[in-house]
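S.K.: The sequence shown begins at 26 in the numbering used here and counts up by one.
Beta carbons are placed, not taken as given, at the ideal position from N, Cα and C, and that holds for glycine.
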Amino acid sequence: NGDGFAPRPSGRTDRPATWFALVPHADLPSDPDTVSAVLDLLAGRPPGKLLTAPTARSGAAGPLADPRGRLVLPTAAELVRLAWGGGRSATRRRVLKVGVVHGDLRWEGGAVLVGHQDGTPISGAEKALDAHLGGALERRAAYRQYPGRLGTCEVFASSDGPAGMVIGLGDAGDLTPGALTAGVTQAVLRLAAVREDRTTGGAAPEPLSISAVLVGTALVPPMPVENSLTSIVTGVRQANRRLDDLRSRVVVDELKIVELYEERAIQATKAAVRLAQSLDVTGGEVVVERRMLSGFDGKPGEPSAYREGVWRTVRIVAEESEGDGNRLGALSFTSIGRSARAEQRVNTAQRKLLDALVTEAMTDHHPDEQLYNTLYELLVPNSLKGQGYGSENLLLLIDEEAGALPLEMLASRSHDLDVQPLAVEVGVIRRLETRTFAETTRPSSGHAALVIGDPARTGLPGLPAAREEARQVAGLLRSKGYDVTSIIGDTDDDDDVVPILNALFRHEYRIVHVAGHGHFDPADRSRSGVVIGDGVYLGALEIAKMRTTPDVVFLNCCHLGAMRMKDRDTPRADQLASSISRQLIENGVRAVVAAGWAVDDQAAFRFAKTMYGELLDGNELGSASLHARKAVWEHHRSTNTWGAYQVYGPPAFRLDPAAGGTSRREELVAPRELADELESLRRRAEDAPDSVATALAKELEVLLEATPPEWLRGQELSAVGDVWALLARYENAVACYEAAQDDWDSSGSVRSFEQLLNVRAKWAVERIQRPDDPGPEAAELLRLAAESADLLLRMGKTPERHALRASVARRRALCVASDPNLLTAALVDARDAYQAAVDLHRERKGTIHFYPALNVVVLGWLVRQRDPGQPFAEEEARKLVDASAAAARAVRRPDFWSRVTPADAKLAAALISGDLARDGNLVADEYFRAFARSSLRARAAVLEHLDLALCALDDVVSAAATAEALRGLRSRLASWSPQ
């Protein structure tokens, strides 16, 4: 305090005594060297000169600044450390490395952490740990000293040091995320104590590495993977903080989450990445491995008994009491799908108590956190508290009366007595129990959004925060590709009633967001809703008049306490949210988010921003609401806003992505995910229309940019080449297939070799058609493709390989069209190869394959026109055409090639008969029918087919009329475009 010095508390003898002084800045000695030496001594640094800067009081030179003039006074935390003998900063910076390993726990090193449900046999990961420790776990269980009750833990040591930790998980339904965090913390601290006890000679022990399973995820009911991982990481961090406070020589520097099954390992890795983005570093830095690590003996898929993302349904019904129809009479809780049903009768005294508590929770913006737990203890039956109410995602099926209760605010207490709100630990979504729903509306299409913020001239106080929220939400939606109509009030403007109503019916809206004053009149539904003018309201009745229903309606209509509860007869603020939500759901709105009472401005915007960010990035409604509540709880815990929002809808609801949006792709964490993404792109690229093909190409580029290079090996490169080939990006496809051949290993395939020769030939034709492309390179591509086809046929003859050989010859014909002899020879080569494919297919399967068969007919006819000496049996050709058309019609799952075969057959028949000039319109119409569901690549193949015929007939005088009809047909087909 500037009056003197005080000694450091005694009791520690590991360092010389130090002294500290707290003095006003301007009263510091003027000699910078003296001050610098004192501060360096206090901070445990070698004395050194400290630069000076002007003081705040006199403007004279002072001693506490760095070269940039920034003050370097110790922080409050540093001063506390100095007072108790610490240095200026912590002597160690805790860095916890977290990674998820897909593998068997038996192969992992370090101390192992598992959990045990009370009363169950030792099995699974515990069994593996028990085997490693020579039966130590079973022996302890036989002695009845094995942890099982919630809050218990034990460390099991082997001859070479601590090897295992077991934490008790209690009975079925006891475990919550908070209890798991507390259990992990206690187990790690006990492990650290054992480690320090075994250290001799004053040597610092090595940093600890812990391998943990996903504790709680295999229980009944199972804890979600994300909750388990978050609790384990949080528990280890809390233990590290405690060890740091105690100045322990032990530190946990590595945490590995080991999961046997691949699906859950992937989920855990994604959860770890998300966790790293939200953690603060006040307790030490957390470094998360962003890719799933590969261990040994991991299994594919997931355990059959495990169901991630399951939501436990709890039906809550409020019954009216006799003689008082407006007050809560009884609460009935039913866990659907289980045998438990718990009814809790609420008597008159309890009703008054609950009303007072609920009113306090909603009107006091900074309530005592115990209030949340008190509501939980009074509202939830004891029998349900012991069945996982708080460890599972909850889907609350409620009626209108129960919907007015602040169910999202209920909070249990963790093992360390900290308040743990259910809606912050697990997902909480409401579903309304109603038999009334709209049957005449239809869902909205497109990607339009309506945003309304504090309409002008309502006769009520202005809400600047609501306007700012509306601007921010509108900007966020536009950045994600939505067409936004925004009406944001200004006190100087005319009233917004007419503009709002006009906007409401001008477009089909996927999202409607309203921020402003709210009003609820239980006696007059027309006077319930958002205030948009003086005595004018926008509510569910107006939204019901929309011909299409939005997917999402977000109502933030309680800013600044717009509704006040003056007496028992005044409707509570949350009744507006529950009432208007009910009406919107009955209208057909899929997801409704409504604030139940007056919310803090900054907290409300954080909730809206997080909620929309999650939904627009493709996440589910349940997950989005959980992360939004967590964000508000973390940053605005002192307010009651985190529990104000009622979210109605199916937990799995997702918003369709908007075209042109900038949605964030979730980062891939495992090679299996890359394979899944490529397979999805391949399916979508088949017959993809032009507009979609461009978007798919961009999507593939983004995917490849985010993919680690080491994941792109033979099989994966071939899969990428498949997608590029389907999108007609042949240059990219050739590069991928060639890279797959260069990286040939056990994951390579002969199929990729077949695809390579096919796309080389297609790329050659594409290059020949470019006026500025050198011909020799195209010729080289064709030569390599022909050599590959011959090699494949030497390896083994199949109809597909004969057809590939024929396709190379066809494209060679296009490339040598200027030389009549080479052109004819290429056509003959192609005809004979297709004939070999037809014969071999008929020999092996006894049927006609329509694609090579029609090529035999058309190529045979073209060769005959160029060389009359070539054989061509017209009657046999007509039979082959009819058989091909019949074979295509018999395909059970038709693709473009089977759908276009009738048009190809009509063209072949018209060429044989010489009636193409007469039948050209019929042929074109048949092609147009196939084009209605086609991709640009598929249509390009049809045009290439016609180009080949035109090349063959170009110098045949006798076929001039047919050639002219072909040109007209090609022109019509080339000009076709999707409607």
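Determine the contact status of leucine 214 and arginine 274, defining contact as a CB-CB distance below 9 Å.
M.R.: no
S.K.: With a cut-off of 8 Å, do at least 3 Cβ pairs link the stretch 425 to 441 to the stretch 197 to 209?
M.R.: yes
S.K.: I need the straight-line Cα distance from lysine 122 to valine 727, nearest angstrom please.
M.R.: Looking at the two C-alpha atoms, the distance is approximately 28 Å.
S.K.: Quick test of your reading: arginine 958 and glutamate 692, contact by CB under 8 Å. State the CB separation rounded to the nearest angstrom.
M.R.: Arginine 958 to glutamate 692, Cβ: 34 Å. No contact.
S.K.: Should valine 916 be labelled buried (16 or more other beta-carbon atoms within 10 Å of its own) or exposed?
M.R.: exposed
S.K.: Just tell me which of Val775, Asn398, Ile192, Gln780 has its CA closest to the CA of tyrosine 171.
M.R.: Ile192
S.K.: Just to confirm the assignment, what range does the alpha helix (DSSP H) spanning lysine 152 have?
M.R.: 150 to 157
S.K.: Leucine 205 lies in the alpha helix (DSSP H); which residues open and close that run?
M.R.: 202 to 222
S.K.: Which stretch, first to last residue, makes up the alpha helix (DSSP H) that contains arginine 903?
M.R.: 899 to 914
S.K.: What distance in whole Å lies between the Cβ atoms of valine 882 and leucine 905, which are believed to be in contact at a cut-off of 8 Å?
M.R.: Between leucine 905 and valine 882, the beta carbon gap of about 5 Å places them in contact (Cβ cut-off 8 Å).
S.K.: Of the choices Pro896, Leu304, Met571, Ala481, whose alpha-carbon is the least far from that of proline 524?
M.R.: Comparing Cα-Cα distances from proline 524 to each of Pro896, Leu304, Met571, Ala481, the minimum goes to Ala481.
S.K.: Out of Asp940, Ala301, Gln671, which one is the CA nearest neighbour of glutamate 989?
M.R.: Asp940
S.K.: So, leucine 200 versus alanine 343, is the Cβ gap smaller than 9 Å?
M.R.: no
S.K.: Applying the criterion that 16 or more other CB atoms from any shown protein chain within 10 Å of the CB defines a buried residue, is arginine 531 buried or exposed?
M.R.: The residue in question, arginine 531, is exposed, as its Cβ has fewer than 16 Cβ neighbours within 10 Å.
S.K.: According to DSSP, what are the bridge partners of cysteine 178?
M.R.: Bridge partners of cysteine 178: Ile192.
S.K.: In whole angstroms, what is the alpha-carbon distance linking alanine 490 and isoleucine 568?
M.R.: When rounded, the distance between both Cα atoms is 24 Å.
S.K.: Is the beta carbon of proline 392 closer than 9 Å to that of arginine 654?
M.R.: no
S.K.: Could you round the C-beta distance between alanine 628 and histidine 661 to whole angstroms and report it? I think they count as a contact, below 8 Å.
M.R.: That pair is a contact at about 4 Å.
S.K.: Since leucine 420 and isoleucine 454 are thought to touch, with beta carbons under 8 Å apart, how far apart are those beta carbons, to the nearest angstrom?
M.R.: 5 Å
S.K.: Taking only the alpha-carbon atoms, compute the straight-line gap between lysine 787 and serine 843 and give it to the nearest angstrom.
M.R.: 19 Å
S.K.: Quick check: the Cα distance between aspartate 626 and valine 657, rounded to an integer number of angstroms?
M.R.: 11 Å
S.K.: What residue does the alpha helix (DSSP H) around glutamate 279 start on, and which one ends it?
M.R.: From DSSP, glutamate 279 is part of no alpha helix (DSSP H) but of the beta strand (DSSP E) over 277 to 284.
S.K.: Alanine 855 and alanine 834 look like a contact to me (Cβ under 8 Å); what is the Cβ gap, rounded to whole Å?
M.R.: Right, their Cβ atoms sit about 4 Å apart.
S.K.: In terms of DSSP beta bridges, what is glutamate 310 paired with?
M.R.: Val120
S.K.: For tyrosine 952, which residues from the same chain have a beta carbon less than 6 Å from its beta carbon, with the 5 sequence-adjacent residues on both sides left out?
M.R.: Ala928, Leu998
S.K.: So what does DSSP say about isoleucine 873, is it helix, strand or coil?
M.R.: coil
S.K.: In whole angstroms, give me the CA-to-CA distance for alanine 753 and serine 360.
M.R.: 54 Å
S.K.: Please state the DSSP three-state secondary structure of serine 436.
M.R.: Looking at the sequence provided, one finds alanine at residue 436 rather than serine. Residue state, collapsed to three classes: strand.
S.K.: Suppose contacts are defined by Cβ-Cβ distances below 9 Å. Is leucine 304 in contact with serine 236 by that definition?
M.R.: no
S.K.: Quick check: is the beta carbon of arginine 272 nearer than 9 Å to any beta carbon in chain D?
M.R.: Going by chain labels, chain D is absent from the structure shown, which holds only one protein chain.
S.K.: Look up glycine 993 in the DSSP assignment and say whether it is helix, strand or coil.
M.R.: helix
S.K.: By the three-class DSSP mapping on this structure, what secondary structure does glutamine 780 have?
M.R.: helix
S.K.: Using a Cβ-Cβ cutoff of less than 6 Å, which residues in the same chain neighbour valine 790 once the five nearest sequence positions on both sides are dropped?
M.R.: Arg836, Leu839
S.K.: Within the same chain, show all residues whose beta-carbon is closer than 6 Å to that of glycine 650, passing over the 5 residues directly before and after it, in chain order.
M.R.: For the sequence presented, residue 650 should be read as serine rather than glycine. Result list for serine 650: Val672, in chain order.
S.K.: Under 9 Å, do arginine 830 and alanine 851 count as touching if we go by C-beta distance?
M.R.: Against a cut-off of 9 Å, the Cβ pair of alanine 851 and arginine 830 comes out as no contact.
S.K.: Name the DSSP beta bridge partners of leucine 941, please?
M.R.: Paired residue(s): none; leucine 941 is not in a bridge.
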